[in-house]
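Everything below concerns the one structure shown next.
In structure tokens:
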């Protein structure tokens with residue numbers, strides 16, 4: 001494989017949203033871990049729904065932080081909770097402090113050592129992604145945010161970024177996806193895709209299935 | 225209000241997907257009503273995910289029946305079930321035989337009697353919508369399918385159909401939505417929207433909230 005650049009999805013592939021946010025939410029709102037788990041799940045679903053809406057409606061790009069913020073409002077109201085501005089800010093800021101999956105740092109370090117360039121290719125805003133990249137000890141060469149494309153994945157303009165902004169050819173890129181929607185977007189655009197498929201999920205449309213998949217990031221090293 | 229045309233969402237506003245399909249799925253697969261309920265919920269979620277994918281990826285419009293079909297495959301595999309081709313066909317065909325909500329026929333009849341033109345404005349394919357329209361005893365004057373726009377709601381090109389195909393002005397249209405995504409699509413496009421909000425849900429983005437809402441279709445008559 002003539003891969004030179006490996007692009008990583010962030011919020012599913014590189015970091016553990018649920019594991020990072022559940023204890024923060026439980027403590028901040030004084031609720032059980034189980035209730036906090038549901039809170040975080042719904043928050044993530046609504047964040048992505050608001051992002052998807054931006055791709056469809058003709059109202060331009062909403063920043064990912066704004067999507068995160070609106071989704072938090074939704075969950076607070078839906079669950080009939082009330083929170084102070086301080087707690088609210090703490091919850092929003094927790095998106096800048098998500099933990100990498102246990103094997104994530106070692107895997108990216110090894111890929112870097114093998115000579116690959118490493119990029120983040122994410123729906124997050126640049127400032128959010130800078131915070132995540134800092135946890136990867138100089139492994140991340142490039143940060144490509146959906147902000148640059150003014151659309152969210154799985155829109156093709158986001159997968160186009162390594163080509164338009166960094167000058168790579170399609171066949172020099174391997175995208176590491178963390179969700180079925182990301183897999184299908186990358187494949188529909190025509191780049192190779194590895195799926196870090198932790199929950200043994202499936203794509204809805206087999207026409208756009210991953211070239212490779214395994215249940216965490218270590219599998220990337222096996223296919224290169 | 226200078227409304228002349230009332231457009232109806234179908235799969236949430238006019239007909240009861242869950243109530244119609246759950247007993248059919250339970251009987252066809254010999255599973256409990258509870259398991260069948262979850263089956264139908266997931267089927268609907270994945271159908272809409274595949275439709276949403278069509279709006280984002282640059283692969284053209286997938287028919288809604290194809291989305292329904294792919295989503296059924298997903299659920300069958302995910303739930304580790306196996307079904308015969310005959311049962312499969314029966315399940316797919318059940319989308320042509322969905323039951324209107326209890327008050328739906330009377331409400332549309334009354335609107336028709338009051339002199340409003342009535343249209344279906346739906347993500348369904350034309351042939352699927354013809355079957356639904358037949359249950360409404362000559363109340364439906366026009367059938368506007370997402371097929372005509374080659375996009376799915378909430379894409380603005382679908383809400384444009386009553387204007388481009390029927391010649392109405394934006395302010396002559398009231399759209400009756402059945403889901404928050406449909407509400408936001410209609411409002412972002414700039415037409416008035418009534419939300420038949422049966423589950424007391426909220427929109428993620430209050431910038432695009434419904435002009436009117438109530439918990440079933442009877443509320444439409446109160447606001448005209």
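Protein chains in written order, with our numbering: chain S, 1 to 224; chain P, 225 to 448. Cβ atoms here follow ideal geometry from the backbone N, Cα and C, with glycine treated the same way.
What residue range is occupied by the uninterrupted beta strand (DSSP E) comprising residue i?
i: residue 368(P); result: 366 to 369
i: residue 344(P); result: 341 to 346
i: residue 454(P); result: This structure cannot settle anything about residue 454(P), because the visible part of chain P is limited to 225 through 448.
Does any C-beta atom of chain P lie closer than 9 angstroms to the C-beta of residue i?
i: residue 154(S); result: yes
i: residue 148(S); result: no
i: residue 181(S); result: yes
i: residue 64(S); result: no
i: residue 202(S); result: yes
i: residue 189(S); result: yes
i: residue 46(S); result: yes
i: residue 227(S); result: There is no way to answer for residue 227(S), as the model of chain S reaches only from 1 to 224.
i: residue 53(S); result: yes
i: residue 12(S); result: no
i: residue 194(S); result: no
Quick check: is the beta carbon of residue i nearer than 9 angstroms to any beta carbon in chain S?
i: residue 422(P); result: no
i: residue 347(P); result: no
i: residue 166(P); result: The structure shown has nothing for residue 166(P), since chain P only spans 225 to 448.
i: residue 302(P); result: yes
i: residue 434(P); result: no
i: residue 294(P); result: yes
i: residue 439(P); result: no
i: residue 358(P); result: no
i: residue 274(P); result: yes
i: residue 402(P); result: no
i: residue 251(P); result: no
i: residue 310(P); result: no
i: residue 429(P); result: yes
i: residue 395(P); result: no
Could you give the distance in angstroms between the alpha-carbon of residue i and the alpha-carbon of residue j?
i: residue 333(P); j: residue 73(S); result: 39 angstroms
i: residue 269(P); j: residue 303(P); result: 15 angstroms
i: residue 393(P); j: residue 227(P); result: 10 angstroms
i: residue 386(P); j: residue 348(P); result: 16 angstroms
i: residue 87(S); j: residue 143(S); result: 29 angstroms
i: residue 285(P); j: residue 277(P); result: 9 angstroms
i: residue 156(S); j: residue 221(S); result: 26 angstroms
i: residue 316(P); j: residue 294(P); result: 11 angstroms
i: residue 329(P); j: residue 37(S); result: 41 angstroms
i: residue 415(P); j: residue 436(P); result: 12 angstroms
i: residue 16(S); j: residue 179(S); result: 13 angstroms
i: residue 300(P); j: residue 152(S); result: 29 angstroms
i: residue 252(P); j: residue 9(S); result: 40 angstroms
i: residue 13(S); j: residue 177(S); result: 6 angstroms
i: residue 407(P); j: residue 430(P); result: 10 angstroms
i: residue 409(P); j: residue 358(P); result: 27 angstroms
i: residue 395(P); j: residue 100(S); result: 50 angstroms
What residues match up with residue i in a beta bridge as DSSP calls it?
i: residue 437(P); result: 419(P)
i: residue 7(S); result: 119(S) and 175(S)
i: residue 324(P); result: 239(P)
Please list the terminal residues of the continuous alpha helix (DSSP H) segment that includes residue i.
i: residue 271(P); result: 257 to 280
i: residue 183(S); result: 180 to 189
i: residue 66(S); result: 64 to 78
i: residue 312(P); result: 309 to 317
i: residue 219(S); result: 219 to 223
i: residue 357(P); result: 350 to 357
Alpha helix (DSSP H) segments (min. 4 residues) lying fully within the region 373 to 397 of chain P: 380 to 383 and 385 to 388
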